[in-house]
């Protein structure tokens, strides 16, 4: 079954190893086959990965888009160790991410990492109030 994608004007999407940028008008197309796909709203860059949780998300994103995701494992696991050491209460989120990665579902690992980013924001907000 094909995936229907609608892009807003000037919106970008990554399909496999290719970045596609839309023109000035809304576009609809269908993707058939297997390839990693990320919409612009789900893409982080090295510059926008400006917190520990976002760096974890970025490492997973690199794994998701890579032909050989194992190249990112060492960096990912170091980031996770540092994060859990600083915020042990994030362990349930990290377990979910790790389970998704171990099962080979990197897209769902990205979604779980978004929850970690939200949790990190909650922790920071709580620390500011204290």
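Numbering (our numbering), first residue to last: 143 to 272.
Glycine included, every Cβ here is placed at the ideal spot set by N, Cα and C.
Notebook entry, point to check: For residue 167, which of 150, 206, 154 and 266 has the nearest alpha-carbon?
Noted result: 150
Notebook entry, point to check: What number of angstroms, rounded off, separates the C-alpha of residue 169 from the C-alpha of residue 205?
Noted result: Their backbone Cα atoms lie some 28 Å apart in a straight line.
Next item on the list: Quick one: measure Cβ to Cβ for residue 256 and residue 199, integer angstroms, because I've assumed they're closer than 8 Å.
Entry: Residue 256 to residue 199, Cβ: 7 Å. Contact.
Item checked: Residue span of the alpha helix (DSSP H) that contains residue 156, given as start and end -> Taken as a continuous stretch (DSSP letters only), residue 156 belongs to no alpha helix (DSSP H), being part of the beta strand (DSSP E) at 154–157.
Check: When you compare only the Cα positions, how much space is there between residue 191 and residue 241?
Finding: 22 Å
Next item on the list: Report yes or no: do the stretch 224–241 and the stretch 179–196 share at least 3 C-beta pairs separated by less than 8 Å?
Entry: yes
Margin query: I'd like the list of long-range same chain contacts for residue 271, defined as Cβ closer than 6 Å, with 5 residues on each side in sequence excluded.
Written below: Once the five neighbours on either side are set aside, residue 271 has no close Cβ partner at all.
Checklist line | Three-way DSSP call (helix, strand, coil) for residue 197 in this model | finding: helix
Check: In whole angstroms, what is the alpha-carbon distance linking residue 222 and residue 160?
Finding: 28 Å
Check: Is the Cβ-Cβ distance between residue 162 and residue 155 less than 8 Å?
Finding: yes
Notebook entry, point to check: Excluding five sequence neighbours on each side, which residues of the same chain lie with their C-beta closer than 8 Å to the C-beta of residue 215?
Noted result: 205
Item checked: DSSP-derived helix/strand/coil call for residue 146 -> strand
Checklist line | Which of helix, strand or coil DSSP assigns to residue 259 | finding: Three-state result, residue 259: helix.
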